[in-house]
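Trainee:
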Amino acid sequence: MPVKDIHAHTFAKSSILSSYQMPRVIPPIEVIRVLNRAKVSFVLVGLHGLVGWLKEPRGTEDVDLIVAAKHHKRAVAALLRAFPHLHAVDLRAVTRFMEHESETVLIDVIKPIQQPHREIFKHVKTLTVGRQSYRIPSLEMAIALKFAAMTSHNWAQADKFQDAHDFILIVNANPEIELPKLRSLGELVFPTGGSELLEMVRRVRNGERLVF
755 MPVKDIHAHT FAKSSILSSY QMPRVIPPIE VIRVLNRAKV SFVLVGLHGL VGWLKEPRGT
815 EDVDLIVAAK HHKRAVAALL RAFPHLHAVD LRAVTRFMEH ESETVLIDVI KPIQQPHREI
875 FKHVKTLTVG RQSYRIPSLE MAIALKFAAM TSHNWAQADK FQDAHDFILI VNANPEIELP
935 KLRSLGELVF PTGGSELLEM VRRVRNGERL VF
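Right, here's the structure in full:
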């Protein structure tokens with residue numbers, strides 16, 4: 755299946771699976787439409803943004819985006835107008851949009867204050883669904899994001915194992931990874947990150963156990 759078709763297929767299927775499993779979820783295309791109308795610069799991340807690289811659709815409860823710093827307030831205002839059943843909780847690294855009653859997080863607007871988030875707008879792929887265009891991380895950036903999560907000191911162990919699962923799927927599903935580019939993105943995570951990231955890719959390709 756061509757690359758564009760893979761991304762479109764997995765995006766649509768994950769959106770449907772999410773709505774079946776969690777009836778209150780907000781379809782990602784609705785969030786994309788709101789931000790495009792408000793002329794907000796963003797990259798769709800999380801499951802909906804990476805599922806085309808995973809090539810294995812599944813459901814998720816929230817929509818995750820990295821929004822350009824200069825557009826953060828505009829994005830928050832637009833989303834609150836569009837989804838009045840949500841309220842925003844502003845944290846250092848993210849603004850979380852929660853349902854009033856359940857406090858369930860349905861949208862995360864991530865602030866590009868740390869690497870590799872600050873560089874993500876330079877490493878994107880543009881996709882189109884219907885009349886809506888949006889950006890997702892490039893293949894190498896998608897892998898680097900998973901690597902950053904897996905090696906974070908602030909990430910829960912259960913979440914790290916989910917990210918490791920996704921890391922393995924992405925590497926196995928995409929043999930065309932540009933390793934020099936991946937090394938440079940790994941260096942953004944921490945000083946020796948480039949070599950450690952390439953070693954993880956080597957381990958996955960050789961069927962060896964990941965260590966992180």
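This note's numbering numbers the first residue of the sequence shown as 755 and each following residue consecutively.
We put the CB at the ideal spot given by N, CA and C, even for glycine.
#1: Please return the same chain residues whose Cβ sits closer than 7 Å to the Cβ of residue 788, not counting the five positions on each side in sequence.
#2: So what does residue 891 bridge to, in DSSP terms?
#3: Are three or more beta carbon pairs between the segment 915–934 and the segment 872–880 nearer than 8 Å?
#4: What first and last residue would you give for the alpha helix (DSSP H) that runs through residue 927?
#5: Does the separation of the CB atoms of residue 803 and residue 890 fall below 8 Å?
#6: Kindly give me the distance between the Cβ atoms of residue 800 and residue 816, rounded to whole angstroms, as I take these residues to be in contact under 8 Å.
#7: Considering Cα atoms alone, identify which of 769, 774, 778 and 777 is closest to residue 786.
#8: When the Cα of residue 856 is compared with those of 773, 765 and 779, which residue comes out closest?
#9: Give a yes or no on whether the C-beta atoms belonging to residue 826 and residue 767 are separated by under 8 Å.
#10: Compare the beta carbon distance of residue 711 and residue 760 with 8 Å and say whether it is the shorter of the two.
#11: Got a sec? Which residues, its chain only, sit under 7 Å from residue 888 by beta carbon, not counting five neighbours each side?
#12: In terms of alpha-carbon separation, which member of 782, 897 and 859 lies closest to residue 933?
#13: Please go through the same chain and pick out, in chain order, the residues whose beta-carbon is closer than 8 Å to the beta-carbon of residue 869, but skip the five residues on each side of it.
#14: At the level of alpha carbons, what is the spacing between residue 960 and residue 853?
#15: Could you check whether the Cβ of residue 821 sits closer than 8 Å to any Cβ belonging to chain D?
#16: I think residue 773 touches residue 782, with their Cβ atoms under 8 Å apart; what is that distance to the nearest whole Å?
#17: Scan the segment 796–879 and note each continuous beta strand (DSSP E) run of 3 residues or more that stays entirely inside, going in chain order.
#18: Quick one: what does DSSP say residue 788 is sitting in, helix, strand or coil?
Mentor: Here's the rundown:
#1: As a first step, residue 788 is located in the sequence shown; it is residue number 34 there, counting from the start. Take residue 788, set aside five residues on each side of it, and the residues of its chain with a beta-carbon closer than 7 Å to its own are 832, 833 and 836, in chain order.
#2: As a first step, residue 891 must be located in the sequence shown, where it is residue number 137. Within the DSSP bridge table, the entry for residue 891 names 878 as partners.
#3: No, the segment 915–934 does not touch the segment 872–880.
#4: The residue you call residue 927 lines up with position 173 of the sequence shown. Unbroken alpha helix (DSSP H) run through residue 927: 911–927.
#5: Translated into positions along the sequence shown, residue 803 becomes position 49. Translated into positions along the sequence shown, residue 890 becomes position 136. Yes, Cβ-Cβ distance for residue 803 and residue 890 is below 8 Å.
#6: Counted from its first residue, the sequence shown places residue 800 at position 46. Counted from its first residue, the sequence shown places residue 816 at position 62. For a cut-off of 8 Å, the C-beta gap from residue 800 to residue 816 is around 7 Å, short enough to register as a contact.
#7: Here residue 786 refers to the residue found at position 32 of the sequence shown. Closest in alpha carbon position to residue 786, among 769, 774, 778 and 777, is 769.
#8: To locate residue 856, count along the sequence shown from 1; it is residue 102. Nearest option by C-alpha distance: 779.
#9: Indexing the sequence shown from 1 puts residue 826 at position 72. Indexing the sequence shown from 1 puts residue 767 at position 13. Taking 8 Å as the cut-off, the beta carbon of residue 826 is found no closer than this to the beta carbon of residue 767.
#10: The chain is shown from 755 up to 966; residue 711 falls before or after that span and cannot be answered.
#11: Start at 1 with the first residue of the sequence shown, and residue 888 comes out as number 134. The answer, listed in chain order, is 786, 798 and 881.
#12: Numbered from its first residue, the sequence shown carries residue 933 at position 179. If we check each option's Cα against that of residue 933, 897 comes out closest.
#13: In the sequence shown, residue 869 corresponds to position 115, counting from 1. So the list reads 902, 942 and 943, once near-sequence residues are dropped.
#14: Indexing the sequence shown from 1 puts residue 960 at position 206. Indexing the sequence shown from 1 puts residue 853 at position 99. Near 44 Å, if we compare the C-alpha coordinates of residue 853 and residue 960.
#15: The structure shown has no chain D; it contains just one protein chain.
#16: Taking the sequence shown and counting its residues from 1, the one referred to as residue 773 is at position 19. Taking the sequence shown and counting its residues from 1, the one referred to as residue 782 is at position 28. 11 Å between Cβ atoms; not a contact.
#17: Along the segment 796–879, the beta strand (DSSP E) occurs as fully enclosed runs of 3 or more residues at 796–799, 817–821, 840–844, 848–853 and 859–864, listed in sequence order.
#18: As a working note, residue 788 is residue 34 in the sequence shown. Secondary structure at residue 788: helix, using DSSP grouped into helix, strand and coil.
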